[in-house]
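Heads up, the thing below is written out as structure tokens.
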Amino acid sequence: MNLPGTGAPACAAPRMGDAAREVQARGARASHVPGEAELWILILGDMIVFGLFFAIWGWNHATQPELFAWGGAQMNRALGLANTLVLITSSAAVASGLNLARLGRSHEARLSYAAAAALGCTFVVLKAIEYGQHIAAGADALGNSYFMYYFVFTGIHLLHVVVGITALLFVMQGCRRLQPGAPPAEGDVVFLESVGVFWHLVDLLWIVLFFLIYLVR
Amino acid sequence: MTDRIRSHWHALLPVFAVWTVLVAITQVSVLESARPASAYVLVAIAGLTALKVALVIFSYMEVSRAPLWLKAACVAWITIALGTVTVLMVFPQWSVALVNQGVSPLLAAHDNTSAEDDK
Chain A
1 MNLPGTGAPA CAAPRMGDAA REVQARGARA SHVPGEAELW ILILGDMIVF
51 GLFFAIWGWN HATQPELFAW GGAQMNRALG LANTLVLITS SAAVASGLNL
101 ARLGRSHEAR LSYAAAAALG CTFVVLKAIE YGQHIAAGAD ALGNSYFMYY
151 FVFTGIHLLH VVVGITALLF VMQGCRRLQP GAPPAEGDVV FLESVGVFWH
201 LVDLLWIVLF FLIYLVR
Chain B
218 MTDRIRSHWH ALLPVFAVWT VLVAITQVSV LESARPASAY VLVAIAGLTA
268 LKVALVIFSY MEVSRAPLWL KAACVAWITI ALGTVTVLMV FPQWSVALVN
318 QGVSPLLAAH DNTSAEDDK
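Top line first, the protein sequences correspond to chains A and B. The working numbering applies: residue 1 is where the first sequence begins, and numbers increase by one. The working numbering applies: residue 218 is where the second sequence begins, and numbers increase by one.
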């Protein structure tokens, strides 16, 4: 069995220079769908659904400007910004983890994924604090259309975060099985890419939600 | 050891560079949103948001190396999703009037059909 893209025997322990060249070869490969191709049906479907959510938010913003101006003023922008920075950093950790795994640095990759999962948990905690603040102030999903859409859209996003954290925990377990110093098998890379793509989806959806909920006045 | 450091550097530098740009754009967006509300500010923040989303998709998701159909789908999503929201927020009355103009004939047709069914 040969390592994909190199023609080198899998039993030969590759040097780090070989691994780096392997990464470059994979990176330079044309028309490579990241992760499982079928996963993109879910990813693009999710993007379309959230696109509709964003349009619904924009429509209600256009038809009820006073309510949405009032709702925007109730938002804790510091927590929103903190959550954005947390998710951006966790995305960077996942991208680093993938690149390190491709280099055969399984231990460092595992640490990167652990950092990403910890940051995901931080997001959940910060969101719970924010929900608690709104509920303590008497705002709930049944109060008015602003808070209904706020809780529904951010709640569905939060569900994605929890699913993503679970997937990252599986990746951390998977990294234990990778052979240190050797580039992972093609199937392992596809799995890592798939989880990465999902986690970055969670990040980019939050970036738009942050714009709509916390930045627009 | 040098080779190892070099390979780490090559693998992690682009990730760190994108992270730095994403954090910088986020800070600029927050500063922009603190200015008095105007159409210019809204369009500027929407543009910065689109830039961040594009960076995540094309860099972290590695869509820049994906087939053309996937790149096109992602660009279409960014344009339609953020474009729709921005138009709705910058031109609310125009957007509502436009939608009502399109929906009114449909509602009228529906009412006529319902009335005929009742007969």
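Just so you know, even glycine gets a beta-carbon here, dropped at the ideal spot from N, CA and C. Owing to the predicted nature of the structure, the values given are computational and were not obtained by experimental measurement.
Proximal chain A residues relative to residue i, where beta-carbon distance stays under 7 Å
{"i": "VAL240 (chain B)", "result": "LEU85 and ILE88"}
Under 9 Å between C-beta atoms of residue i and residue j
{"i": "SER250 (chain B)", "j": "ILE242 (chain B)", "result": "no"}
{"i": "PHE123 (chain A)", "j": "SER90 (chain A)", "result": "yes"}
{"i": "ALA271 (chain B)", "j": "PRO34 (chain A)", "result": "no"}
{"i": "GLY120 (chain A)", "j": "TRP206 (chain A)", "result": "no"}
{"i": "VAL216 (chain A)", "j": "LEU259 (chain B)", "result": "yes"}
{"i": "PHE233 (chain B)", "j": "ALA92 (chain A)", "result": "yes"}
{"i": "PHE68 (chain A)", "j": "TYR146 (chain A)", "result": "yes"}
{"i": "ALA117 (chain A)", "j": "LEU169 (chain A)", "result": "yes"}
{"i": "ASN228 (chain A)", "j": "TYR131 (chain A)", "result": "Residue 228 (chain A) lies beyond the range of chain A shown here (1 to 217); nothing can be said about it."}
{"i": "LEU338 (chain B)", "j": "SER112 (chain A)", "result": "In the structure as shown, chain B begins at 218 and stops at 336. Residue 338 (chain B) is therefore absent and cannot be evaluated."}
{"i": "THR154 (chain A)", "j": "LEU81 (chain A)", "result": "no"}
{"i": "TRP40 (chain A)", "j": "VAL163 (chain A)", "result": "no"}
{"i": "LYS269 (chain B)", "j": "VAL280 (chain B)", "result": "no"}
{"i": "GLY104 (chain A)", "j": "ALA185 (chain A)", "result": "no"}
{"i": "LEU192 (chain A)", "j": "LEU98 (chain A)", "result": "yes"}
{"i": "LEU44 (chain A)", "j": "ALA290 (chain B)", "result": "yes"}
{"i": "ALA256 (chain B)", "j": "VAL307 (chain B)", "result": "yes"}
{"i": "LEU201 (chain A)", "j": "HIS160 (chain A)", "result": "yes"}
Cα-Cα separation between residue i and residue j, rounded to whole angstroms
{"i": "ALA73 (chain A)", "j": "THR166 (chain A)", "result": "34 Å"}
{"i": "SER194 (chain A)", "j": "PRO180 (chain A)", "result": "21 Å"}
{"i": "LEU324 (chain B)", "j": "ILE56 (chain A)", "result": "20 Å"}
{"i": "HIS107 (chain A)", "j": "VAL189 (chain A)", "result": "15 Å"}
{"i": "TRP236 (chain B)", "j": "GLU36 (chain A)", "result": "25 Å"}
{"i": "ASP203 (chain A)", "j": "ILE222 (chain B)", "result": "29 Å"}
{"i": "PHE53 (chain A)", "j": "ARG102 (chain A)", "result": "36 Å"}
{"i": "PHE229 (chain A)", "j": "LEU85 (chain A)", "result": "Residue 229 (chain A) lies beyond the residue range present for chain A, which begins at 1 and ends at 217; the question has no answer from this structure."}
{"i": "SER321 (chain B)", "j": "TRP70 (chain A)", "result": "30 Å"}
{"i": "GLN310 (chain B)", "j": "GLU66 (chain A)", "result": "14 Å"}
{"i": "ILE88 (chain A)", "j": "HIS225 (chain B)", "result": "21 Å"}
{"i": "LEU305 (chain B)", "j": "SER312 (chain B)", "result": "6 Å"}
{"i": "ILE213 (chain A)", "j": "ARG77 (chain A)", "result": "9 Å"}
{"i": "MET172 (chain A)", "j": "ALA137 (chain A)", "result": "39 Å"}
{"i": "HIS157 (chain A)", "j": "ALA314 (chain B)", "result": "31 Å"}
{"i": "VAL152 (chain A)", "j": "VAL292 (chain B)", "result": "26 Å"}
{"i": "HIS227 (chain B)", "j": "ASP46 (chain A)", "result": "32 Å"}
{"i": "VAL302 (chain B)", "j": "VAL316 (chain B)", "result": "14 Å"}
{"i": "ILE129 (chain A)", "j": "GLY300 (chain B)", "result": "32 Å"}
{"i": "SER246 (chain B)", "j": "LEU265 (chain B)", "result": "7 Å"}
{"i": "ALA62 (chain A)", "j": "LEU79 (chain A)", "result": "25 Å"}
{"i": "ALA326 (chain B)", "j": "GLU333 (chain B)", "result": "11 Å"}
{"i": "MET75 (chain A)", "j": "GLN64 (chain A)", "result": "17 Å"}
{"i": "GLN318 (chain B)", "j": "HIS134 (chain A)", "result": "37 Å"}
{"i": "ASP220 (chain B)", "j": "ILE274 (chain B)", "result": "30 Å"}
{"i": "ARG176 (chain A)", "j": "GLY58 (chain A)", "result": "45 Å"}
{"i": "ALA298 (chain B)", "j": "ILE48 (chain A)", "result": "8 Å"}
{"i": "ASN329 (chain B)", "j": "MET278 (chain B)", "result": "50 Å"}
Contact list for residue i against chain B, beta-carbon separation under 7 Å
{"i": "GLY51 (chain A)", "result": "TRP294, ILE297 and ALA298"}
{"i": "GLY217 (chain A)", "result": "The sequence shown places Arg at residue 217 (chain A), not Gly. Those are SER250 and ALA254, listed as they occur along chain B."}
{"i": "TRP59 (chain A)", "result": "LEU305"}
{"i": "ALA62 (chain A)", "result": "LEU305, MET306, PRO309, SER312 and VAL313"}
Within chain A, partners of residue i - CB distance below 8 Å
{"i": "LEU229 (chain B)", "result": "SER96, ASN99 and LEU100"}
{"i": "ALA263 (chain B)", "result": "PHE211"}
{"i": "VAL232 (chain B)", "result": "ALA92, ALA95, SER96 and ASN99"}
{"i": "VAL247 (chain B)", "result": "ARG77, LEU81 and LEU215"}
Any C-beta of chain C under 9 Å from that of residue i
{"i": "MET148 (chain A)", "result": "Here the protein chains are A and B, and chain C is not one of them."}
8 Å Cβ cut-off: residues of chain B touching residue i
{"i": "PRO184 (chain A)", "result": "Those do not exist, as PRO184 (chain A) stays about 14 Å from chain B at its closest Cβ, beyond 8 Å."}
{"i": "PRO180 (chain A)", "result": "Neighbours of PRO180 (chain A) on chain B: none; closest Cβ ~12 Å, over 8 Å."}
{"i": "VAL33 (chain A)", "result": "ALA283, PRO284 and LEU287"}
Chain-ordered neighbours of residue i on chain A, where CB pairs are closer than 9 Å
{"i": "ALA290 (chain B)", "result": "TRP40, LEU44 and MET47"}
Partners in chain B for residue i, counting only beta-carbon separations shorter than 9 Å
{"i": "PHE54 (chain A)", "result": "ALA298, LEU299, THR301 and VAL302"}
Exercise. Taking any Cβ of chain A, which residues in the region 266-283 of chain B have a Cβ under 8 Å from it, in chain order?
Worked result: THR266, LYS269, VAL270, VAL273, ILE274, SER276, TYR277, MET278, GLU279, VAL280, ARG282 and ALA283
Exercise. According to a CB-to-CB cut-off of less than 9 Å, which residues of the region 98-110 of chain A neighbour chain B?
Worked result: LEU98, ASN99, LEU100, ARG102, LEU103, ARG105 and GLU108
Problem set entry | chain A contacts from the region 310-325 of chain B (Cβ-Cβ distance under 7 Å) | SER312 and VAL313
Problem set entry | Short-range partners of chain B found in the region 183-209 of chain A, where Cβ spacing is below 8 Å | GLU193, GLY196, VAL197, HIS200, LEU201, ASP203, LEU204, ILE207 and VAL208
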